[in-house]
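One structure is given here, and the rest of the page talks about it.
Protein chains: 2
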Amino acid sequence: MNTENIPDIIVSRIPVYLRALQRMSENGITSTSSQELSEKVRISAAQIRKDLSQFGEFGKQGTGYHIPFLMDRLRQILKVDRIWDVAVVGMGDIGHALARYPGFANRGFRVAMCFDSDPAKIGTKVGDFVIRDVANMQADVKEAGIKMAMITVPAAAAQDVVDKLVEVGVCGFLNYAPLSLQVPPGIKVQHIDPAVGLQRMTYYIE
Amino acid sequence: MNTENIPDIIVSRIPVYLRALQRMSENGITSTSSQELSEKVRISAAQIRKDLSQFGEFGKQGTGYHIPFLMDRLRQILKVDRIWDVAVVGMGDIGHALARYPGFANRGFRVAMCFDSDPAKIGTKVGDFVIRDVANMQADVKEAGIKMAMITVPAAAAQDVVDKLVEVGVCGFLNYAPLSLQVPPGIKVQHIDPAVGLQRMTYYIE
Numbered sequence: 000m001n002t003e004n005i006p007d008i009i010v011s012r013i014p015v016y017l018r019a020l021q022r023m024s025e026n027g028i029t030s031t032s033s034q035e036l037s038e039k040v041r042i043s044a045a046q047i048r049k050d051l052s053q054f055g056e057f058g059k060q061g062t063g064y065h066i067p068f069l070m071d072r073l074r075q076i077l078k079v080d081r082i083w084d085v086a087v088v089g090m091g092d093i094g095h096a097l098a099r100y101p102g103f104a105n106r107g108f109r110v111a112m113c114f115d116s117d118p119a120k121i122g123t124k125v126g127d128f129v130i131r132d133v134a135n136m137q138a139d140v141k142e143a144g145i146k147m148a149m150i151t152v153p154a155a156a157a158q159d160v161v162d163k164l165v166e167v168g169v170c171g172f173l174n175y176a177p178l179s180l181q182v183p184p185g186i187k188v189q190h191i192d193p194a195v196g197l198q199r200m201t202y203y204i205e
Numbered sequence: 000m001n002t003e004n005i006p007d008i009i010v011s012r013i014p015v016y017l018r019a020l021q022r023m024s025e026n027g028i029t030s031t032s033s034q035e036l037s038e039k040v041r042i043s044a045a046q047i048r049k050d051l052s053q054f055g056e057f058g059k060q061g062t063g064y065h066i067p068f069l070m071d072r073l074r075q076i077l078k079v080d081r082i083w084d085v086a087v088v089g090m091g092d093i094g095h096a097l098a099r100y101p102g103f104a105n106r107g108f109r110v111a112m113c114f115d116s117d118p119a120k121i122g123t124k125v126g127d128f129v130i131r132d133v134a135n136m137q138a139d140v141k142e143a144g145i146k147m148a149m150i151t152v153p154a155a156a157a158q159d160v161v162d163k164l165v166e167v168g169v170c171g172f173l174n175y176a177p178l179s180l181q182v183p184p185g186i187k188v189q190h191i192d193p194a195v196g197l198q199r200m201t202y203y204i205e
């Protein structure tokens, strides 16, 4: 099946389906329907069926989806049937929270190294990590072959950090700095900004 | 101008435009064009012009946008020309980071109170806040008239917390728990999940 030209909007929903399936699986449930999944993820059953059909035939008329099989396939599609090492750059409050975040387990990611520029932080421990000097970031990330990074430095420093990481092969950025990052074609960025999240809701409040 | 039926996808981009304008303004820039804004936010100039035109006439042919005026109007549209009090429920690492997050200043939000269920945390301080007992959450939130909450409790507890907050008038939730929340019509939820963010990028990495 050709999955080269799947629209971004469909790809962006697959992790949400996978998360709901994983939660059902942890609760001992082994099969589901597009209707049941729809209630969990608040996306219509028709949309779910249409999205999944882009990638193949996963369900059977009348019996629905076998959860372990569907999870395996979605993990393969998202390439999280492996563990990706991730670097965290910027060890303020959010960097600390990410370094110790329990939610990456079983979802394809592992924080591998943490960096900061503050001499008072470099060499100290956060969870299992010794905070590294950002001056060595390019060499360390390159040597480890890390492809993903979470950026939690101040806005003024973020673009420079990202440029340096792109140079050594990082191609996916989860950006917590409150600005839109500039990256070359082929490099992916996802932005996380709680103020943007809140502003997306106040519009609707009477 | 009737702004009742603006598509969600357009509303969701307005905070991103506002953030870029705010950053330009902080750097002393007072006017911009859809082309310049396009480079900052990585959305096409045509799309920006089309989005903004839904809400009125903000720019002039040839002279572009006056940033302070456009910021004022976008703040009015998003209803962040005021300060919204926000409750944080769940004072783990992420709750701590949110309680002390500097990025809400000037963007329409202020953390007003923090809750946890752990007796060892209740009564202790995080930044300027004394952590409150979640047993009093409904009464405290109702008395303060709080409309927005950030949920950073474990997945198993999140739905119950949200149900209780909806009962006392909260109508916007920024959800950090790794599940899709069920809410009545008219109640808004935005999800923040770093593992979902990362999974949205690995699909594209060769």
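Here the protein sequences line up with chains S and F, keeping their order. Under numbering that gives the first Met the number 0, the letters of the first sequence match residues 0 to 205, in that order. Under numbering that gives the first Met the number 0, the letters of the second sequence match residues 0 to 205, in that order. For glycine and all other residues, C-beta sits at the position ideal for the given N, C-alpha and C.
Could you check how far apart the C-beta atoms of residue i and residue j are, in whole angstroms? I think they sit under 8 Å.
i: G30 of chain S; j: I66 of chain S; result: Just to set this straight, residue 30 of chain S is Ser in the shown sequence, not Gly. That pair is a contact at about 6 Å.
i: M112 of chain S; j: R131 of chain S; result: 6 Å
i: Y202 of chain S; j: I204 of chain F; result: 34 Å between Cβ atoms; not a contact.
i: A98 of chain F; j: V88 of chain F; result: Not confirmed; about 11 Å, so no contact.
i: V195 of chain S; j: V182 of chain S; result: 19 Å between Cβ atoms; not a contact.
i: I150 of chain S; j: V140 of chain S; result: That pair is no contact at about 12 Å.
i: K187 of chain S; j: M200 of chain F; result: 4 Å
i: A134 of chain F; j: A154 of chain F; result: Their Cβ separation, rounded to whole angstroms, is 21 Å, which puts A134 of chain F and A154 of chain F out of contact at 8 Å.
Is the Cβ of residue i closer than 8 Å to any Cβ of chain F?
i: G144 of chain S; result: no
i: L173 of chain S; result: yes
i: P6 of chain S; result: no
i: I66 of chain S; result: no
i: V85 of chain S; result: yes
i: G102 of chain S; result: yes
i: I82 of chain S; result: no
i: A96 of chain S; result: yes
Tell me whether residue i is buried or exposed, calling it buried when 16 or more other Cβ atoms sit within 10 Å of its Cβ.
i: D92 of chain F; result: buried
i: Q21 of chain F; result: buried
i: V129 of chain S; result: exposed
i: I13 of chain F; result: buried
i: P193 of chain S; result: buried
i: D162 of chain S; result: exposed
i: K120 of chain S; result: buried
i: S52 of chain S; result: exposed
i: F68 of chain S; result: exposed
i: D117 of chain S; result: exposed
i: S43 of chain F; result: exposed
i: R18 of chain F; result: buried
i: M0 of chain S; result: Note that M0 of chain S has pLDDT 49, beneath the 50 cutoff, so the model's placement of it is unreliable and no number is given.
i: A45 of chain S; result: exposed
i: Q34 of chain S; result: exposed
i: R74 of chain F; result: buried
i: R81 of chain S; result: exposed
i: G126 of chain F; result: exposed
Quick one: what does DSSP say residue i is sitting in, helix, strand or coil?
i: I103 of chain S; result: The sequence given here has Phe at residue 103 of chain S, not Ile. Correct three-state label for F103 of chain S: helix.
i: T123 of chain S; result: coil
i: T31 of chain S; result: strand
i: L17 of chain S; result: helix
i: L180 of chain F; result: coil
i: G171 of chain S; result: strand
i: G63 of chain S; result: strand
i: Q53 of chain S; result: coil
i: R81 of chain F; result: coil
i: R41 of chain S; result: coil
i: D132 of chain F; result: strand
i: M70 of chain F; result: helix
i: V88 of chain S; result: strand
i: G185 of chain S; result: coil
i: D117 of chain F; result: coil
i: Q158 of chain F; result: helix
i: V152 of chain F; result: coil
i: G144 of chain F; result: coil
Kindly indicate if chain S contains any beta-carbon less than 8 Å away from that of residue i.
i: R99 of chain F; result: yes
i: M112 of chain F; result: no
i: F54 of chain F; result: no
i: R199 of chain F; result: yes
i: G89 of chain F; result: no
i: V160 of chain F; result: no
i: K78 of chain F; result: yes
i: D92 of chain F; result: yes
i: V140 of chain F; result: no
i: I9 of chain F; result: no
i: L69 of chain F; result: no
i: V15 of chain F; result: yes
i: L178 of chain F; result: yes
At a Cβ cut of 8 Å, what residues of the stretch 145–157 of chain S count as close to chain F, listed as they run along the chain? K146, M147, M149, A154
Name, going along the chain, the residues of the stretch 17–47 of chain F whose beta-carbon falls closer than 8 Å to a beta-carbon of chain S. L17, R18, A19, R22, E38, K39, V40, R41
To be precise: take each residue of the stretch 106–132 of chain F, compare its Cβ to all Cβ atoms of chain S, and keep it if any distance is under 9 Å. Which residues remain? R106, G107, F108
Beta carbons nearer than 9 Å to chain F: which residues of the stretch 180–197 of chain S have them? L180, Q181, V182, G185, K187, V188, Q189, H190, I191, D192, P193, A194, V195, G196, L197
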